[in-house]
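Asker: Taken in order, the sequence shown gives residues 1 to 641; the numbers are from the UniProt record's numbering. Positions of the beta carbon are idealized from the N, C-alpha and C atoms, including for glycine. This structure is in structure tokens; I'll ask about it shortly.
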Amino acid sequence: MVLMASLSHIGLDVTRFPLPVRAYPCGMPAEFLVTATGGIRDVALALTVGGLVAMAAMLPAGHPAASRAASVARWASVVWAASAVVFLFASYANIRGDGVPPERFVEEVWSFATGIDLGQAYAQMALAAVVVSVLASVVRTPVAAAWSLAPVVWALGWQAQTGHAAGATDHHLATSAMFIHLAASALWLGVIATLLLMRGPLGADAKAAVRRGSRISLWAAVAIIVSGAANAWIRLASPAELVTTGYGRLLLLKIALMSVAIALAAWHRRTALPRLSELHVRERFWRVMMVDVGALVAVVMVAVVLSGTAPPLPIEPLEDPTPAYYLTGYALPPAPSFLTWILLWRLEIITAFAVGAAAVMYLVWATRLRRRGDSWPWYRTASFLLGIAAMVWITQGAPTIYGMVTFSGHMVEHMLLVMVAPLPLALGAPVTLALRALPARKDGSRGPREYLRGVLESRLLRFLSNPVVAAVNFAGSLVVFYYSPLFEFALRNHVGHLAMVAHFTLVGYLFANALVGIDPGPNRPRYPLRIVLLFATMAFHAFFGVSLMMSEVLLAPTWFGLMGRDWGPDAITDQQYGGSLAWGIGELPVVLLAIGVVLAWRRSDEKESRRKDRQADRDDDAELRAYNAMLSQVAERDRQG
Numbered sequence: 001m002v003l004m005a006s007l008s009h010i011g012l013d014v015t016r017f018p019l020p021v022r023a024y025p026c027g028m029p030a031e032f033l034v035t036a037t038g039g040i041r042d043v044a045l046a047l048t049v050g051g052l053v054a055m056a057a058m059l060p061a062g063h064p065a066a067s068r069a070a071s072v073a074r075w076a077s078v079v080w081a082a083s084a085v086v087f088l089f090a091s092y093a094n095i096r097g098d099g100v101p102p103e104r105f106v107e108e109v110w111s112f113a114t115g116i117d118l119g120q121a122y123a124q125m126a127l128a129a130v131v132v133s134v135l136a137s138v139v140r141t142p143v144a145a146a147w148s149l150a151p152v153v154w155a156l157g158w159q160a161q162t163g164h165a166a167g168a169t170d171h172h173l174a175t176s177a178m179f180i181h182l183a184a185s186a187l188w189l190g191v192i193a194t195l196l197l198m199r200g201p202l203g204a205d206a207k208a209a210v211r212r213g214s215r216i217s218l219w220a221a222v223a224i225i226v227s228g229a230a231n232a233w234i235r236l237a238s239p240a241e242l243v244t245t246g247y248g249r250l251l252l253l254k255i256a257l258m259s260v261a262i263a264l265a266a267w268h269r270r271t272a273l274p275r276l277s278e279l280h281v282r283e284r285f286w287r288v289m290m291v292d293v294g295a296l297v298a299v300v301m302v303a304v305v306l307s308g309t310a311p312p313l314p315i316e317p318l319e320d321p322t323p324a325y326y327l328t329g330y331a332l333p334p335a336p337s338f339l340t341w342i343l344l345w346r347l348e349i350i351t352a353f354a355v356g357a358a359a360v361m362y363l364v365w366a367t368r369l370r371r372r373g374d375s376w377p378w379y380r381t382a383s384f385l386l387g388i389a390a391m392v393w394i395t396q397g398a399p400t401i402y403g404m405v406t407f408s409g410h411m412v413e414h415m416l417l418v419m420v421a422p423l424p425l426a427l428g429a430p431v432t433l434a435l436r437a438l439p440a441r442k443d444g445s446r447g448p449r450e451y452l453r454g455v456l457e458s459r460l461l462r463f464l465s466n467p468v469v470a471a472v473n474f475a476g477s478l479v480v481f482y483y484s485p486l487f488e489f490a491l492r493n494h495v496g497h498l499a500m501v502a503h504f505t506l507v508g509y510l511f512a513n514a515l516v517g518i519d520p521g522p523n524r525p526r527y528p529l530r531i532v533l534l535f536a537t538m539a540f541h542a543f544f545g546v547s548l549m550m551s552e553v554l555l556a557p558t559w560f561g562l563m564g565r566d567w568g569p570d571a572i573t574d575q576q577y578g579g580s581l582a583w584g585i586g587e588l589p590v591v592l593l594a595i596g597v598v599l600a601w602r603r604s605d606e607k608e609s610r611r612k613d614r615q616a617d618r619d620d621d622a623e624l625r626a627y628n629a630m631l632s633q634v635a636e637r638d639r640q641g
């Protein structure tokens with residue numbers, strides 16, 4: 001009902017839809033209407049993203065081009081919302097296949113949008129588009145524009161679950177790759193199309209905006225290539241199918257158009273961008289940009305057609321699937337052993353891309369400091385890369401694979417996420433490095449450094465990074481997660497799993513940073529209190545582990561109890577074993593943290609001692625002489641008394 005009530009905002013009259021479903025106005029077939037509205041929807045979505053990103057990260061708030069970007073986002077979001085709603089109705093009509101009485105059409109579409117997975121996804125996409133169109137109509141500041149992108153992410157998340165990704169054999173990889181692909185495509189097309197639409201108000205200021213847009217587009221292009229390769233790997237049996245199948249030929253056309261766009265982008269960066277302040281270069285640049293935008297719009301249209309084309313690699317279910325296959329979507333892994341914990345790997349592309357991007361940016365920032373003559377300790381770089389390596393293994397290797405099928409495996413994954421990986425990440429001091437390496441904007445716009453400072457100075461982060469709060473969150477979230485529906489939600493839902501990974505990694509980082517890190521944020525307590533906080537959380541973890549070891553109540557029983565494993569102990573025994581792991585795995589990181597706190601305490605005392613020695617050298621021990629004089633006065637008063 002919320003969706004239906006929202007249609008008036010975009011001026012859409014649903015009573016015009018109850019027509020014979022295979023014959024829309026002007027004789028337009030439903031299949032064509034689905035393809036056309038899908039293409040319009042995706043282009044409008046991209047323009048909405050481009051307008052909001054331009055306001056959020058490319059232009060100062062008072063610039064005339066920012067007003068143009070706001071107009072682009074406002075009108076594009078209306079078109080996006082309208083086309084998303086039309087796409088919902090047209091898709092149902094195409095699926096329904098025969099005539100629907102007008103008086104039943106809206107009722108049946110409502111049932112489709114609320115009772116069928118595909119319809120629910122289309123409805124969520126349309127609802128998110130309507131929400132963005134409302135927000136875009138009132139957005140005026142960079143921060144508000146950045147927040148307005150949140151419903152866009154929600155819409156893209158639902159869109160990633162439709163089409164081929166919905167039925168792919170490796171469903172998690174397919175949906176993750178599709179999400180990255182959709183988001184990066186919208187970002188790239190949206191940013192350069194918005195730049196083109198802002199060329200008049202930008203004028204001579206185009207160079208700064210284009211340079212920022214070029215960096216964004218570069219990251220988007222990398223994401224498109226990586227996610228596109230993953231999508232092709234899932235859906236093609238061999239490279240030969242690129243030329244022997246209709247799906248493959250469409251994919252080749254898409255690759256060719258992408259190559260044109262990438263070549264033009266490379267020309268922009270190498271030839272035009274350094275001279276963009278010159279009028280004749282700028283005019284030629286905008287003309288070439290039109291070709292670039294046209295190529296990317298064509299890519300979007302081909303992608304829409306591709307999403308409705310059957311891939312050559314059919315979905316072949318296992319001959320004798322285990323219950324684990326029905327629950328997780330994957331075959332049951334072999335019994336755990338030393339070798340399987342090393343050799344088992346499964347790609348999860350969102351976390352892989354995020355971790356890889358973090359490593360690349362850290363190295364770029366460290367290199368930037370060295371090039372300008374600043375120093376950055378090598379051991380912090382090594383520590384951060386060690387944490388990155390740990391995150392790769394945790395999220396792509398055996399911990400996440402066994403974490404899906406056994407409680408003990410999940411506990412290993414959890415403890416590694418919250419206690420092992422965050423320690424070297426915090427010692428790597430990525431926030432401190434970013435603040436030193438990222439340039440500050442001088443034109444009033446907000447870049448990565450400005451947003452990072454905004455996050456660091458926010459009340460929420462100050463609260464969460466408080467050492468006591470971080471310790472409570474570190475220990476308390478363990479109980480809240482495992483003894484609430486959140487645990488089973490993270491097992492059954494891939495988005496829930498990704499949220500779990502992000503949450504526990506961040507919680508572990510905040511706790512480690514409060515104890516031994518140097519990144520800004522918390523008002524760190526004195527070292528004795530840090531030791532108290534550390535051992536208090538260690539005791540809580542031990543208590544949690546012992547409670548699991550003694551419990552006879554199975555957590556997530558409809559998951560672990562129905563896994564149908566033919567190896568290992570029964571589910572309740574495995575859970576008790578997981579409790580012992582929660583107790584045991586936490587000991588080593590706690591010892592390392594304790595050693596780190598003691599060493600930091602010692603270094604702090606040594607620094608204070610050296611500071612006092614330097615002060616004494618400068619003032620000829622004035623502080624000591626004043627202290628001795630005070631003692632002499634006290635002694636004199638005692639003698640007189």
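Tell me, please, whether the region 217-237 touches the region 181-192 by the rule of three or more beta-carbon pairs shorter than 8 angstroms.
Answerer: Flag = yes, the region 217-237 and the region 181-192 touch.
Asker: For W345, write down the residues that DSSP places opposite it in a beta bridge.
Answerer: Residue numbering aside, residue 345 sits at position 345 when the sequence shown is read from its first letter. In the DSSP output, where bridge partners are listed per residue, W345 has G397.
Asker: In chain order, what residues of the same chain lie with their CB nearer than 8 angstroms to the CB of W559, ignoring the 5 residues before and after it?
Answerer: For the purposes of this step, residue 559 is taken as the residue at position 559 of the sequence shown. Taken in chain order, the residues that qualify are L327, E488, L491, R492.
Asker: Which whole runs of the alpha helix (DSSP H) in the region 138-201 are 4 residues long or more, in chain order?
Answerer: Whole alpha helix (DSSP H) segments, 4+ residues: 142-147, 150-159, 164-167, 171-197.
Asker: Can you tell me whether S465 is buried or exposed? The criterion is at least 16 other CB atoms within 10 Å of its CB, across all chains shown.
Answerer: Within the sequence shown, the letter at position 465 stands for residue 465. When all chains shown are included, S465 counts as buried.
Asker: Per DSSP, what kind of secondary structure is P274 in: helix, strand or coil?
Answerer: Within the sequence shown, numbered from 1, the residue matching residue 274 stands at position 274. DSSP places P274 in helix when its eight states are reduced to three.
Asker: Have a look at T309, L195, T537 and flag the residue whose alpha-carbon is nearest the alpha-carbon of T245.
Answerer: Your numbering for residue 245 matches position 245 in the sequence shown. Of T309, L195, T537, the residue nearest in Cα terms is T309.
Asker: From L218 to L438, what distance separates their C-alpha atoms?
Answerer: To locate residue 218, count along the sequence shown from 1; it is residue 218. To locate residue 438, count along the sequence shown from 1; it is residue 438. Rounded to the nearest angstrom, the two C-alpha atoms are 17 angstroms apart.
Asker: For Y577, which residues of its own chain have a beta-carbon under 6 angstroms away from its beta-carbon, when the five flanking residues on both sides are left out?
Answerer: As a working note, residue 577 is residue 577 in the sequence shown. So the qualifying residues of the chain are S408.
Asker: Tell me, please, whether the region 367-380 touches the region 536-548 by the rule of three or more beta-carbon pairs shorter than 8 angstroms.
Answerer: They do not touch, by the three-pair rule.
Asker: Just reading off the alpha helix (DSSP H) that G454 is part of, what are its end residues?
Answerer: The residue labelled residue 454 in the question sits at position 454 within the sequence shown. Segment 448-456, the alpha helix (DSSP H) holding G454.
Asker: Using the three-state DSSP reduction, which class does N466 fall into: helix, strand or coil?
Answerer: Numbered from 1 along the sequence shown, position 466 holds the residue referred to as residue 466. Correct three-state label for N466: coil.
Asker: Look at the alpha carbon of E108 and the alpha carbon of A177, and state the distance between them as a whole number of angstroms.
Answerer: If you number the sequence shown from 1, residue 108 lands on position 108. If you number the sequence shown from 1, residue 177 lands on position 177. E108 and A177: Cα-Cα distance of roughly 32 angstroms.
Asker: Can you give me the C-alpha to C-alpha distance between M125 and A155, rounded to a whole angstrom?
Answerer: Counting from 1 along the sequence shown, the entry for residue 125 is found at position 125. Counting from 1 along the sequence shown, the entry for residue 155 is found at position 155. Distance between the alpha carbons of M125 and A155: 5 angstroms.
Asker: Could you check what DSSP says for L236 in three-state terms: helix, strand or coil?
Answerer: Taking the first residue of the sequence shown as 1, we reach residue 236 at position 236. It is coil, neither helix nor strand.
Asker: In angstroms, rounded to a whole number, what distance separates the CA positions of I95 and M500?
Answerer: By one-based count along the sequence shown, residue 95 stands at place 95. By one-based count along the sequence shown, residue 500 stands at place 500. If you take the alpha carbons of I95 and M500, they lie about 36 angstroms apart.
Asker: So, using beta-carbon positions, are L427 and S383 closer together than 8 angstroms?
Answerer: Here residue 427 is taken as the residue at index 427 of the sequence shown, counted from 1. Here residue 383 is taken as the residue at index 383 of the sequence shown, counted from 1. Taking 8 angstroms as the Cβ cut-off, L427 and S383 qualify as a contacting pair.
Asker: Under the rule that 16 or more other beta-carbon atoms within 10 Å means buried, what is residue 646, buried or exposed?
Answerer: Shown here, the chain extends from 1 to 641; a query on residue 646 therefore has no answer.
Asker: Assuming P239 and P64 make a contact with CB atoms under 8 angstroms, what is their CB distance in whole Å?
Answerer: Looking up residue 239 in the sequence shown gives position 239. Looking up residue 64 in the sequence shown gives position 64. About 49 angstroms separates the two Cβ atoms, so there is no contact after all.
Asker: Suppose you measure from the CA of R140 to the CA of M538; what does that come to, to the nearest Å?
Answerer: Counting from 1 along the sequence shown, the entry for residue 140 is found at position 140. Counting from 1 along the sequence shown, the entry for residue 538 is found at position 538. Cα-Cα distance, rounded: 48 angstroms.
Asker: Could you tell me if M290 is buried or exposed, where buried requires 16 or more neighbouring beta carbons within 10 angstroms of its beta carbon?
Answerer: As a first step, residue 290 must be located in the sequence shown, where it is residue number 290. Looking at its Cβ environment, which holds fewer than 16 other Cβ atoms inside 10 Å, M290 is exposed.
Asker: Measuring CA to CA, which of S337, V360, G329, M361 is closest to residue 645?
Answerer: Residue coverage of the chain in this structure runs from 1 to 641, which leaves residue 645 outside it and unanswerable.
Asker: Check whether the region 131-147 and the region 30-39 are in contact - that is, three or more C-beta pairs closer than 8 angstroms.
Answerer: No, the region 131-147 does not touch the region 30-39.
Asker: Report the residue from G397, P422, I255 whose alpha carbon sits nearest the alpha carbon of F338.
Answerer: Here residue 338 refers to the residue found at position 338 when the sequence shown is read from its first residue. The option with the nearest alpha carbon to F338 is G397.
Asker: With H, G and I counted as helix, E and B as strand and the rest as coil, what does DSSP make of L59?
Answerer: The residue labelled residue 59 in the question sits at position 59 within the sequence shown. If DSSP states are grouped into helix, strand and coil, L59 belongs with coil.
Asker: Cβ of P424 within 8 angstroms of Cβ of A390?
Answerer: Start at 1 with the first residue of the sequence shown, and residue 424 comes out as number 424. Start at 1 with the first residue of the sequence shown, and residue 390 comes out as number 390. It is a contact, given that the beta carbons lie within the stated cut-off.
Asker: State yes or no: is the C-beta of A209 within less than 8 angstroms of the C-beta of L195?
Answerer: In the sequence shown, the residue the question calls residue 209 occupies position 209. In the sequence shown, the residue the question calls residue 195 occupies position 195. Yes, the Cβ-Cβ distance between A209 and L195 is below 8 angstroms.
Asker: State the DSSP-derived secondary structure class of G409, mapped to helix, strand or coil.
Answerer: Within the sequence shown, residue 409 is the residue found at index 409, counting from 1. Here G409 sits in helix by DSSP.
Asker: Within 10 angstroms of its Cβ, does D292 collect 16 or more other Cβ (buried), or is it exposed?
Answerer: As a first step, residue 292 is located in the sequence shown; it is residue number 292 there, counting from the start. Per the 10 Å Cβ criterion, buried.
Asker: Could you spell out the range, first to last residue, of the alpha helix (DSSP H) harbouring S445?
Answerer: If you number the sequence shown from 1, residue 445 lands on position 445. Counting along the chain, S445 falls outside any alpha helix (DSSP H), and DSSP gives it neither H nor E.
Asker: What are the boundary residues of the alpha helix (DSSP H) that V507 is part of?
Answerer: The sequence position of residue 507 within the sequence shown is 507, counting from 1. Note, V507: alpha helix (DSSP H), 494-516.
Asker: So, for V300: in the same chain, excluding its five sequence neighbours on each side, which residues have a beta-carbon less than 8 angstroms away from its beta-carbon?
Answerer: Residue mapping note: residue 300 aligns to position 300 of the sequence shown, counting from 1. Answer for V300: G39, D42, V43, A46, S185, L189, listed in chain order.
Asker: First and last residue of the alpha helix (DSSP H) that includes M550?
Answerer: Stepping through the sequence shown from its first residue, residue 550 is reached at position 550. 527-550 is the extent of the alpha helix (DSSP H) around M550.
Asker: Taking the CB atoms as reference points, tell me whether A366 and T351 lie closer together than 8 angstroms.
Answerer: In the sequence shown, residue 366 corresponds to position 366, counting from 1. In the sequence shown, residue 351 corresponds to position 351, counting from 1. No.
Asker: Hey, quick one: how far does the alpha helix (DSSP H) through A434 stretch, first residue to last?
Answerer: Stepping through the sequence shown from its first residue, residue 434 is reached at position 434. A434 -> alpha helix (DSSP H) spans 430-437.
Asker: Take the Cβ of R212 as the centre, count every other Cβ of all protein chains shown within 10 Å, and call the residue buried at 16 or more, exposed below.
Answerer: Mapped onto the sequence shown, residue 212 falls at position 212. Result: buried.
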